[in-house]
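S.K.: Numbering-wise, the sequence shown is residues 842 to 1244 according to this note's numbering.
Yeah, the Cβ is synthetic: ideal placement off N, Cα and C, and Gly gets one too.
Nothing here was measured: the structure is a model prediction, and the numbers come from that model.
So that we are looking at the same thing, I have put the structure below in structure tokens.
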Amino acid sequence: MKKKDFDIVIVGAGPSGIFCAIFASERGLRVALIDRNSKIGGKIPITGNCRCNLTNQFISSENYTGENPMFVKNVLARYSSEDLIDFFRNLNMAIVSEGDRFYPMTKKSETVVEVLDRRVRTKNITILTDTNVMKCEKILNEFHIHSTTGDISSNSLAICSGGKSYSKLFKSGGGYSIAKSFSHTVTKLYPGLTSLDTDSEDMIKLSGVSLEAEVSLFCGEEKVFQRKGSLLFTHRGFSGPVAMDASNRISKCNGLPVNLSICFLSGKLKNFESFMNHINGYRTKLLKNSISGILPASLTEAAMQNIRVRDDIKVNEARRDTLMKLHKVLTNFNIRVKKNGDFDEAQVTVGGVRTSEIDPKRMESKLVKNLFFAGEILDIAGDCGGYNLQFAFSTGKIAGMNA
């Protein structure tokens, strides 16, 4: 390919890169969109269990981890979930909600990719797929991008190349070396939104059990996370949205022991006397059956084994101190986390380009003029529920409007 000048070159054609390209093109800029993969769309096809959870009704900075919480507030103030929904509806894509989450009406992520692909191809955007960027440099006031399909130059450069998540499925994460070449700091990278592995043999017995529970994550003695949500026992430990959200905070532990405290009871039953009032209504029944209407039987049996109570004991045979021990296990089930999942299963990368080096109002580097960053490459990771896609779209739009 002969050298061709562009107003902006965007490295990475995932959600942030596509939005950056669309909004830059709408300003009349000549745009080149580069991606290592064969199609644009990045990880959109597999998000939200392939249903594409676009955003969340109750989105806020509290649903993100990173060194600079105010960065997320600034981003969301400039492009909100309502703005994102309006964008897709204006492209005639019907959107539906499930609880606080928004999806395309088809419940298929391919729908979102097709809508964005059509939008990109109606704009003045040159698409270069199957193209690996080897080096980027700035000479005087011009960026030079050296790739496997040739060298191009531009006035501005946007790095939207994603993180290290789903590493077996996608060729991504190369943007970190580009960021470092421009003297940007990349914080330590961790796999996020993963399962949590434990050493407990009880996990095998409980594998497949799913329920609502309140989960707290401790780094040493410090509680760094607490939330109620859907929890799934696996043969290795825990999964489900609340466990995956907790995994995003493990990076804060810095080598300290990581422990989970799980409360399986809710409402008044968290109070011991209320718990006693409940089971005393079944005085002649087996103790494990008195709780069967509240918790899965296998979990109740595991809790009783934990405190060494035989499973055929009746409520009226159980001593008060025994019931106190059982209640404590059900409200404060402690278990050591051995590790979280790896980047092959991670849905997001925790860590990235340090946001203190980026202007959230423009997504422009504070170190290099006309260099922009957006999406997962930044030191921001969201919870399950559409938060990461929203952040990618928001930062991409802001970069495209200011490049």
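Rounded to the nearest angstrom, how far is the Cβ of serine 1102 from that of asparagine 1175, given a contact under 8 Å?
M.R.: Correct: roughly 5 Å between the Cβ atoms.
S.K.: As a quick exercise: from Leu1097, Leu1073, Arg1068 and Arg1077, pick the residue whose alpha carbon is nearest that of glutamate 1062.
M.R.: Leu1097
S.K.: For leucine 1106, which three-state DSSP category applies?
M.R.: In the structure shown, leucine 1106 sits in coil (DSSP, three-state: anything other than H, G, I, E or B).
S.K.: In the DSSP assignment, find the unbroken beta strand (DSSP E) run with alanine 1143 in it and report its ends.
M.R.: Counting along the chain, alanine 1143 falls outside any beta strand (DSSP E), though it belongs to the alpha helix (DSSP H) covering 1138–1147.
S.K.: So what's lysine 843 in DSSP terms, helix, strand or just coil?
M.R.: Caution applies to lysine 843, whose pLDDT of 49 falls short of 50 and renders its modelled position unreliable; the model cannot decide the point.
S.K.: Could you compute how far the alpha carbon of glutamate 876 sits from the alpha carbon of serine 1133?
M.R.: The question names glutamate, but residue 876 in the sequence shown is aspartate. Rounded to whole angstroms, aspartate 876 to serine 1133 spans 53 Å at the Cα level.
S.K.: Identify whether glutamine 1231 lies in helix, strand or coil by the three-state DSSP scheme.
M.R.: helix
S.K.: Looking at the structure shown, is lysine 948 part of a helix, part of a strand, or coil, going by DSSP?
M.R.: coil
S.K.: Take phenylalanine 1066 and list the residues in its own chain whose beta-carbon comes closer than 6 Å to its own, dropping the five residues that flank it on each side.
M.R.: Leu1058, Ala1087 and Arg1090
S.K.: Confirm, please, whether the CB-CB distance from serine 1008 to aspartate 1185 is below 8 Å.
M.R.: yes
S.K.: Is there a Cβ of chain D sitting closer than 8 Å to that of leucine 1058, yes or no?
M.R.: Among the chains of the structure shown, chain D does not appear; only one protein chain is present.
S.K.: For isoleucine 986, report the span of its beta strand (DSSP E) as first-last.
M.R.: Taken as a continuous stretch (DSSP letters only), the beta strand (DSSP E) holding isoleucine 986 covers 983–988.
S.K.: Hey, how far is the Cα of glutamate 1198 from the Cα of cysteine 1001?
M.R.: Distance between the alpha carbons of glutamate 1198 and cysteine 1001: 16 Å.
S.K.: With alanine 1187 and proline 945 assumed to form a contact (beta carbons below 8 Å), what rounded beta-carbon distance in angstroms separates them?
M.R.: Contact flag wrong, Cβ pair sits at about 24 Å.
S.K.: Determine the burial state of phenylalanine 899: buried for a count of at least 16 other Cβ atoms within 10 Å of its Cβ, exposed for fewer.
M.R.: exposed
S.K.: Roughly how many whole angstroms lie between the Cα atoms of leucine 1106 and glycine 1237?
M.R.: If I take the Cα positions, the gap works out to 42 Å.
S.K.: Tell me whether proline 910 is buried or exposed, calling it buried when 16 or more other Cβ atoms sit within 10 Å of its Cβ.
M.R.: It counts as exposed.
S.K.: Tell me the DSSP secondary structure of proline 1032 in three-state form.
M.R.: In the structure shown, proline 1032 sits in a strand (DSSP, three-state: E or B).
S.K.: Let's test the definition: count the other Cβ atoms within 10 Å of the Cβ of threonine 1172 and tell me whether it reaches 16, buried, or not, exposed.
M.R.: buried
S.K.: Please classify aspartate 1224: is it buried, with 16 or more other beta-carbons within 10 angstroms of its beta-carbon, or exposed?
M.R.: buried
S.K.: Can threonine 888 and leucine 1030 be called in contact, C-beta distance under 8 Å?
M.R.: no
S.K.: Tell me whether serine 922 sits in a helix, a strand or coil according to DSSP, three-state version.
M.R.: DSSP places serine 922 in helix when its eight states are reduced to three.
S.K.: So which of Gly1193, Ser988, Phe1213 and Gly1192 has the shortest CA-CA distance to lysine 1202?
M.R.: Per the Cα distances, Phe1213.
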